[in-house]
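Single-structure report; data block below.
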């Protein structure tokens, strides 16, 4: 049983399916009820995913034994900072080390795009995500952006690509 992570366009069938599952989970938790298909469609419409391509970003899909299991993206905020976004593992694949591999690849790609720092924002109720980030060296930082779902921000120095 092995992971394979690769750069992939945000609009492939697997990437779209993973992004839909991501939005479904985070929205359903926030609303404390299942999100409808229409709400998921609305949430993904004009969500900026098209920026997750070089030179403005990158998108990664992870497969576990060939099955689409995880995704994540990075968005360049400026010449030195990248934002980690849409990090998601389908529930059956959690606890199998894929999240750490996903973060490593996204951090490496951020360095290649010139970033020396990765930042992210999340909600306080996403405790599993927050724990993952702290385990992988992210530390709470002052808010770098605002928005209705920005409750806590994290950052990590990446250094430079060699």
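In this note's numbering, the protein residues as written are 1042 to 1203. Beta carbons: idealized from backbone N, C-alpha and C, even for Gly.
In the DSSP output, what is residue i paired with across the bridge?
| i | result |
| --- | --- |
| residue 1099 | 1115 |
| residue 1108 | 1105 |
| residue 1193 | 1163 |
| residue 1125 | 1115 |
| residue 1145 | Partner(s): none; residue 1145 has no beta bridge. |
If contacts are defined as beta-carbon pairs under 8 Å, then residue i and residue j qualify, I think. What distance do you get, rounded to the angstrom?
| i | j | result |
| --- | --- | --- |
| residue 1164 | residue 1190 | 6 Å |
Express the C-alpha separation of residue j and residue i in angstroms, rounding to a whole number.
| i | j | result |
| --- | --- | --- |
| residue 1078 | residue 1133 | 22 Å |
| residue 1106 | residue 1193 | 34 Å |
| residue 1059 | residue 1102 | 8 Å |
| residue 1054 | residue 1062 | 12 Å |
| residue 1126 | residue 1074 | 23 Å |
| residue 1096 | residue 1154 | 7 Å |
| residue 1092 | residue 1117 | 9 Å |
| residue 1082 | residue 1100 | 19 Å |
| residue 1052 | residue 1143 | 18 Å |
| residue 1094 | residue 1150 | 11 Å |
I'd like to confirm something about residue i: is its beta-carbon nearer than 7 Å to some heavy atom of the ligand NAP, or not?
| i | result |
| --- | --- |
| residue 1074 | Among the components of this structure there are no ligands whatsoever, and the ligand NAP is therefore not found. |
Can you name, in chain order, every residue of its own chain whose Cβ lies under 7 Å from the Cβ of residue i, other than the five neighbours on each side?
| i | result |
| --- | --- |
| residue 1157 | 1121, 1198, 1199, 1200, 1201 |
Please work out which residues of its chain come closer than 6 Å, Cβ to Cβ, to residue i, disregarding the five sequence neighbours upstream and downstream, and give them in chain order.
| i | result |
| --- | --- |
| residue 1080 | none |
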